[in-house]
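Heads up: the protein sequence lines correspond to chains R and U, in order.
My numbering runs 445 ahead of the 1-based position in the first sequence.
My numbering runs 2 ahead of the 1-based position in the second sequence.
Glycine included, every Cβ here is placed at the ideal spot set by N, Cα and C.
Below is one structure, written out as C-alpha cells; the observations come after it.
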Amino acid sequence: MNDMRIADRAVDTHGIRIKASAVQVYYGESHAIKDVSVDILDKAVTAFIGPSGCGKSTFLRTLNRMNDTIPICKVQGSILLDGENIYDKRVDPVQLRAKVGMVFQKPNPFPKSIYDNVAYGPRIHGLTRSKAELDGIVESSLRKAALWNEVKDRLHAPGTGLSGGQQQRLCIARAVATSPEVLLMDEPCSALDPIATAQVEELIDELRSNFSVVIVTHSMQQAARVSQKTAFFHLGNLVEYGETSQIFTNPKDPRTESYITGRIG
Amino acid sequence: MTVLPLLMILAVLAAAGFILGRQRALALAGGDTKKLHSLPAYYGWHAAIMAFVPAFCALIVWLLIQPFFIERAALSQLPAAVLEDSTASTLAMADVRRVAAGLDTAVAQGAMTEAAIETMDATVTDLRGELGKVGVALGSAVSSEVLAAAKQYRESVASASVVRAVVIILIAVAALARALKLTAPDFWARNRVEKVVLWLLMLASLIAILTTVGIIWSLLSESFNFFSQYPIGDFFFGLTWNPKFGGGSDLGFIPLFWGTIYITIIALLVAVPLGLFAAIYLAEYASKRTRAWVKPMIEVIAGIPTVVYGLFALITVGPFLRDFFAAPMGLGNSAASVMTAGIVIGLLNIPFISSLSDDIINAVPQSLRDGAFGLGSTKSETIRQVVLPAALPGVAGAILMGASRAIGETMIVVMGAGAAAKLSLNPFEAMTTMTVKIVGQLTGDTDFNSPETLVAFALGMTLFVITLLLNVMAVWIVRKYREQYE
Numbered sequence: 446m447n448d449m450r451i452a453d454r455a456v457d458t459h460g461i462r463i464k465a466s467a468v469q470v471y472y473g474e475s476h477a478i479k480d481v482s483v484d485i486l487d488k489a490v491t492a493f494i495g496p497s498g499c500g501k502s503t504f505l506r507t508l509n510r511m512n513d514t515i516p517i518c519k520v521q522g523s524i525l526l527d528g529e530n531i532y533d534k535r536v537d538p539v540q541l542r543a544k545v546g547m548v549f550q551k552p553n554p555f556p557k558s559i560y561d562n563v564a565y566g567p568r569i570h571g572l573t574r575s576k577a578e579l580d581g582i583v584e585s586s587l588r589k590a591a592l593w594n595e596v597k598d599r600l601h602a603p604g605t606g607l608s609g610g611q612q613q614r615l616c617i618a619r620a621v622a623t624s625p626e627v628l629l630m631d632e633p634c635s636a637l638d639p640i641a642t643a644q645v646e647e648l649i650d651e652l653r654s655n656f657s658v659v660i661v662t663h664s665m666q667q668a669a670r671v672s673q674k675t676a677f678f679h680l681g682n683l684v685e686y687g688e689t690s691q692i693f694t695n696p697k698d699p700r701t702e703s704y705i706t707g708r709i710g
Numbered sequence: 003m004t005v006l007p008l009l010m011i012l013a014v015l016a017a018a019g020f021i022l023g024r025q026r027a028l029a030l031a032g033g034d035t036k037k038l039h040s041l042p043a044y045y046g047w048h049a050a051i052m053a054f055v056p057a058f059c060a061l062i063v064w065l066l067i068q069p070f071f072i073e074r075a076a077l078s079q080l081p082a083a084v085l086e087d088s089t090a091s092t093l094a095m096a097d098v099r100r101v102a103a104g105l106d107t108a109v110a111q112g113a114m115t116e117a118a119i120e121t122m123d124a125t126v127t128d129l130r131g132e133l134g135k136v137g138v139a140l141g142s143a144v145s146s147e148v149l150a151a152a153k154q155y156r157e158s159v160a161s162a163s164v165v166r167a168v169v170i171i172l173i174a175v176a177a178l179a180r181a182l183k184l185t186a187p188d189f190w191a192r193n194r195v196e197k198v199v200l201w202l203l204m205l206a207s208l209i210a211i212l213t214t215v216g217i218i219w220s221l222l223s224e225s226f227n228f229f230s231q232y233p234i235g236d237f238f239f240g241l242t243w244n245p246k247f248g249g250g251s252d253l254g255f256i257p258l259f260w261g262t263i264y265i266t267i268i269a270l271l272v273a274v275p276l277g278l279f280a281a282i283y284l285a286e287y288a289s290k291r292t293r294a295w296v297k298p299m300i301e302v303i304a305g306i307p308t309v310v311y312g313l314f315a316l317i318t319v320g321p322f323l324r325d326f327f328a329a330p331m332g333l334g335n336s337a338a339s340v341m342t343a344g345i346v347i348g349l350l351n352i353p354f355i356s357s358l359s360d361d362i363i364n365a366v367p368q369s370l371r372d373g374a375f376g377l378g379s380t381k382s383e384t385i386r387q388v389v390l391p392a393a394l395p396g397v398a399g400a401i402l403m404g405a406s407r408a409i410g411e412t413m414i415v416v417m418g419a420g421a422a423a424k425l426s427l428n429p430f431e432a433m434t435t436m437t438v439k440i441v442g443q444l445t446g447d448t449d450f451n452s453p454e455t456l457v458a459f460a461l462g463m464t465l466f467v468i469t470l471l472l473n474v475m476a477v478w479i480v481r482k483y484r485e486q487y488e
C-alpha cells in the first residue's frame, strides 16, 4: 500500500455532524446491526469497511432512513443529525433525505437529460426561483462533480448515454445539487474502472471541504486514500472506529488487524 | 391402406429405431458410455428421427401430388367436350368425386358389393336412388361417363394407396438401416439431433409467418375483385353506407371508419386512466397480500367472453346511459349508442392495460427509485417523474395493443351500439363499426360474387392495415424511447 496518502492528511478537528448511539437494526428475525455507536465528523470523510454482509451498507442506509422503504426493517437507538433525532415522529424522511444525500453502488441516472438529472432535486424541493438560478445550480454542481467540461455542450443529451464513470459523477452532481449537509456513498466506485475510480476519489476529497462524507467501500486502499476516519464492521458489530492512519497502521483489535492484512474477509 | 395406419406404422418404426439405435451404440461401446461421443439416448433419437422424418416428408409430398394424377386418370373417361371447358371439367370432377365417395359409403354400409359395382351400368341401375338410400344425396342422375370415371377414380385411389404404403415403409426402413449403420462410438449423434431440433423450431416460426402471408393474400385477392366491381374512390371517400342486395348500393367506408374510431377513442378514454392507475397502485403501493388477490381479480375480467359483456352493455349500461344521461340532456333516446359500446369495451380493456403496465412498471430497476428517494422525493414524485417516464415506452405499447383490441371488437358493438351505420358526433347515437359490417355482409344466403359481399374483404383489408400500422407504431415507439438497463 505504497500509494496511501495518510501521512500528509492530518484530521482537522471539527464538530460532530451525526451522532449515532446504540443503534440496532433488525430485518425480520435477523439482527443486522448490533449496538453500534459512531460519531460522524463535519467536513471529513468517514469510511466504513468490513467484509460483505457485515452491515456497513445497512448502517449507512439508516443514516438517511432509506431502510424505511423496506417493510420488514426495524431500527432502534438514536441517530442525531445536528442534535435532532432523525427517527423522531416529527421528522419527515423525505425532508431528511434532502439534507442527507446518497450516491449508490451502481450509477443510476434517471432516464432524462443530463440537465434534468441534476435539476431534479432543486426542482422537487423548490430551491430555485428562476431558470437562471437553476442553470447556475446545475453548472456549479456539475463543476463540483468534475463533469462540467465533459458535458457542457450536451446538457440535453440523455444521462444514460454517458460512460459508467461519467454516470457516477452525474449521480454525485445530482446529489450535490440539493446542497445536502451529509453525503452518503455506498461503494460508489465498485462499478468503475481504475481511471474513473481515481477521478471519483479525487472528487470525494474535494467534496470534503463542503460536506460531511460517509463512504462504504470494499477497497481498503480506497479507504486509506480518501478517508480521515475509518470504522471497521464485522458481523453487525462495530469492531473499531478511529483515525484512518491509526486503523491501518496500528489497529487495536485483532479482528481489524486480521481483516486489513487479508486473513479474514 | 389409408394415411392413419401408415402414420402409426411410422411411429412404431421410430420407437423401434430409438431402442435399436440406443442398444447398438451401447453394444459398440461395450457398455461403457464414456466411450460414446453422445449420451446413448441421442443415438436412439437419431435413429428414431431418421426412421420417421424422411418417410413422413415423402408421405406429405405424395399426398399433395396424388390427386393430380388420379384426377387425370379419371378425367380421361369423360367426353372430350367436357374436358375442353375448364369450368365444366371442374364441375364434372366434383360429380365424379361425389359419386366415388357415395360408392365408398355404400360399400362400407354393406348396401353394395365391390363385384356389383364392377358390373354396374348407369343406364340400368338408378344409382341416384341407390345412393340416396345410404344417405348420399346427388344433384342429378349419374351418367355412364361419370360412373366410369368414378370407377376409374376409386380404382386409382385403391392402387395408389397400396403403392404409397409400400414406398413409404420402404423409405422408413431404409433410412432406419442407414441410421443404424452410421451409429458408432465416434458418431456425433447429439449434434445431429440438435440440428433437427433447430429445423423444428424454424418450421414453427415459418408456419406463423406463412399464415400471415396467406391471410394477406386471400384478403388482397378478394379486395381486388371488389374494386374491379366498385369504384375505389367511392369506397374510401363515400359518406353513406347503404347496401342493397338488388344492386345500386352505396358502400361508403367513412361512416364505418368513424364509428370504429369513435368507439375506440371512448374505450381508450375509459381504459387508459383506469388501467394505468390500477397498475400504479398494484406495482407501487399495494402490499404483497393485497396484490396477491387484487391482481388475479382484475385478470378475471379478461377471461369473461365478450358476448357476456355484450349482454351487460345491452341490458344494464345502455338503458342506464339512456335514462340518466341521454334522455335528460335531450341527446336522443336510444339505448344502443357509441357511449355504451365504448364504455363496455373500455372496461374489457382495463385488465390488459393494467396487467401489461404493471409488468412494465415492475421492470423499472429499483435503483432508479432508490436514487429518487435518496434525493428526497416522495413516493408520488418518484412515480410521476422517474418511474413512469422510464416505463412510458412499454406503457405506450400496452395502450396501442388496447387500441387494436378495441378496433377489432365485434360482439360488444353489435349488442351495445347497434348495426346502423351513421355519421354523427352525438355519442348517444347508435353507430356501428367495420367489424360488425364484415360479419353482417357475409352472413345469410348471399351471392358470393356481388360487391355487397366482397366489400367485407375490402373492409377486412383496411382493418388489417389499420391495426398493422398501430402495431408498427407501437414497436417504433418502444424502440425509439426504450431505456437500456443492464
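- Using a CB distance below 7 Å, the part of the region 515-547 of chain R facing chain U consists of Val-539, Gln-540, Arg-542, Ala-543, Gly-546, Met-547, ordered along the chain.
- Just so you know, the alpha carbons of Met-114 (chain U) and Gly-134 (chain U) end up roughly 13 Å apart.
- Its chain contains Gly-399, Leu-402 as the residues whose beta carbon lies nearer than 6 Å to that of Ala-476 (chain U), once the 5 sequence neighbours on both sides are disregarded; these appear in chain order.
- Shown here, Thr-675 (chain R) sits in a strand according to DSSP, grouped into three states.
- Cβ-Cβ distances below 7 Å link Pro-538 (chain R) to Arg-510, Asp-513 in the same chain, with the five nearest sequence neighbours on each side left out; the list follows chain order.
- At a cut-off of 9 Å between beta carbons, Leu-377 (chain U) contacts chain R.
- According to the DSSP assignment, Val-545 (chain R) belongs to the beta strand (DSSP E) that extends over 545-548.
- Ile-170 (chain U) counts as buried, since at least 16 other C-beta atoms from the protein chains shown sit within 10 angstroms of its C-beta.
- Excluding sequence positions up to five before and after Gln-521 (chain R), its CB lies within less than 6 Å of the CB of Gln-469, all in the same chain and listed in chain order.
- For Asp-372 (chain U), the residues of chain R that pass the 9 Å Cβ criterion are Met-511, Thr-514, Met-547, Phe-549, Asn-553, in the order they occur in the chain.
- Neighbourhood of Val-388 (chain U) in chain R, by CB distance below 9 Å: Phe-555, Pro-556, Lys-557, Tyr-565, in chain order.
- Per DSSP, the unbroken beta strand (DSSP E) holding Asn-682 (chain R) starts and ends at 682-688.
- The Cβ atoms of Arg-24 (chain U) and Leu-105 (chain U) do not sit closer than 9 Å to each other.
- For Ile-494 (chain R), the enclosing beta strand (DSSP E) starts and ends at 490-494.
- Cβ-Cβ distances below 6 Å link Ala-328 (chain U) to Gly-334, Phe-430 in the same chain, with the five nearest sequence neighbours on each side left out; the list follows chain order.
- In the assembly as shown, Lys-36 (chain U) is an exposed residue. Its beta-carbon has fewer than 16 other beta-carbons within 10 Å.
- In the structure shown, Leu-600 (chain R) falls within a coil segment according to DSSP collapsed to helix, strand and coil.
- Annotated three-state conformation of Val-5 (chain U) is helix, per DSSP.
- Taking a 10 Å sphere around the C-beta of Val-138 (chain U), we find 16 or more other C-beta atoms and assign the residue as buried.
- Within the region 610-625 of chain R, contact with chain U at the beta-carbon level (separation under 8 Å) is assigned to Cys-616, Arg-619, Ala-620, Thr-623.
- Using a Cβ-Cβ cut-off of 9 Å, Pro-353 (chain U) does not count as an interface residue toward chain R, since no Cβ of chain R sits closer than that to its own.
- Check the Cα spacing between Asp-361 (chain U) and each of U:Gly-277, U:Leu-38, U:Ala-423: the tightest is with U:Gly-277.
- In this structure, the alpha-carbon of Ser-426 (chain U) lies about 31 Å from that of Asn-227 (chain U).
- Tyr-565 (chain R) and Ile-461 (chain R) have their C-alpha atoms roughly 29 Å apart.
- Below the 8 Å Cβ cutoff, chain U contributes Gly-378 as neighbours of His-570 (chain R), in chain order.
- Sequence-distant partners of Thr-573 (chain R) (beyond 5 residues in either direction) whose C-beta falls short of 7 Å from its own C-beta, in its chain, are Pro-567, Leu-579, Ile-582.
- In summary, Trp-219 (chain U) is exposed, with fewer than 16 beta-carbon neighbours lying within 10 Å of its beta-carbon over all protein chains present.
- DSSP places Gly-235 (chain U) inside the alpha helix (DSSP H), whose first and last residues are 234-239.
- Taking all protein chains shown into account, Arg-324 (chain U) has 16 or more neighbouring C-beta atoms within 10 Å of its C-beta and is therefore buried.
- In the three-state scheme derived from DSSP, where H, G and I count as helix and E and B as strand, Leu-579 (chain R) is classed as helix.
- Measuring C-alpha to C-alpha distances from Ala-467 (chain R) to each of R:Thr-491, R:Gly-473, R:Ser-482 identifies R:Ser-482 as the nearest.
- Secondary structure of His-476 (chain R) (DSSP, three-state): strand.
- In the structure shown, the three-state DSSP call for Lys-519 (chain R) is strand.
- Here Tyr-287 (chain U) is exposed: its Cβ has fewer than 16 other Cβ atoms, across all protein chains shown, within 10 Å.
- Taking all protein chains in view, the Cβ of Arg-386 (chain U) is surrounded by fewer than 16 other Cβ atoms within 10 Å, so the residue is classified as exposed.
- For Glu-431 (chain U), not one C-beta of chain R is nearer than 9 Å to its own C-beta.
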